[in-house]
Amino acid sequence: MTAAVPVAEGLFTWPDHPRLVGSSCAACATTTFPAQQSCPRCTGTDLRPVLLATTGRLWTWTVQAFEPKPPYAADGPFRPYGVGYVELAVEDGDGTAVLVESRLTEADPLRLEIGAEMELAIVPFRRDAHGTQVVTFAFRPVPGPAE
Ligand SMILES: [Zn+2]
Numbered sequence: 002m003t004a005a006v007p008v009a010e011g012l013f014t015w016p017d018h019p020r021l022v023g024s025s026c027a028a029c030a031t032t033t034f035p036a037q038q039s040c041p042r043c044t045g046t047d048l049r050p051v052l053l054a055t056t057g058r059l060w061t062w063t064v065q066a067f068e069p070k071p072p073y074a075a076d077g078p079f080r081p082y083g084v085g086y087v088e089l090a091v092e093d094g095d096g097t098a099v100l101v102e103s104r105l106t107e108a109d110p111l112r113l114e115i116g117a118e119m120e121l122a123i124v125p126f127r128r129d130a131h132g133t134q135v136v137t138f139a140f141r142p143v144p145g146p147a148e
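Whatever position you read off the sequence shown (first residue = 1), add 1 for the numbering used here.
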């Protein structure tokens, strides 16, 4: 069996304990995701990689209800999916956080709510030309006490 491979290098740690990898600017403490070579706020270049928390609050969301234009790629027929911004703190950080744009595992508007707690999930994305499963990151609602 061939191991699954991430959709891009450096987006998240893999395969043990997946966490998104961002970058933090030494000059102004701005956190970015994905990791950058230079700071989008102060143009500083002294950035270090940081791991982001695996849970955070849903800042806003929408449902992609029609197939996007290329280079969108997927296995099989299009199915609507959720897209949102999740606010993630820097793990073991000083409280700085970053808004991460992500797919959501949930596409039902009745199950998505601004402010809801979400958790990182590594999900199948597509198969490459060799049949290897390619995985990407998404966020799913953390089940509430009533579920
Ligand atoms: Zn900066």
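Yeah, the Cβ is synthetic: ideal placement off N, Cα and C, and Gly gets one too.
- Sequence-distant partners of R128 (beyond 5 residues in either direction) whose C-beta falls short of 7 angstroms from its own C-beta, in its chain, are D76, Q134, V135.
- When the five nearest sequence neighbours on each side are left out, the beta carbons in the same chain lying within less than 7 angstroms of the beta carbon of E68 are those of F79, in order along the chain.
- No residue range can be given for C40, since it is assigned to no beta strand (DSSP E) and is classified by DSSP as neither H nor E.
- About 11 angstroms separates the CB atoms of L59 and V84; that is not less than 8 angstroms, and the two are not in contact.
- Assignment of beta-bridge partners to A90 by DSSP yields A98.
- At a Cβ-Cβ threshold of 7 angstroms, G57 and E88 count as neighbours.
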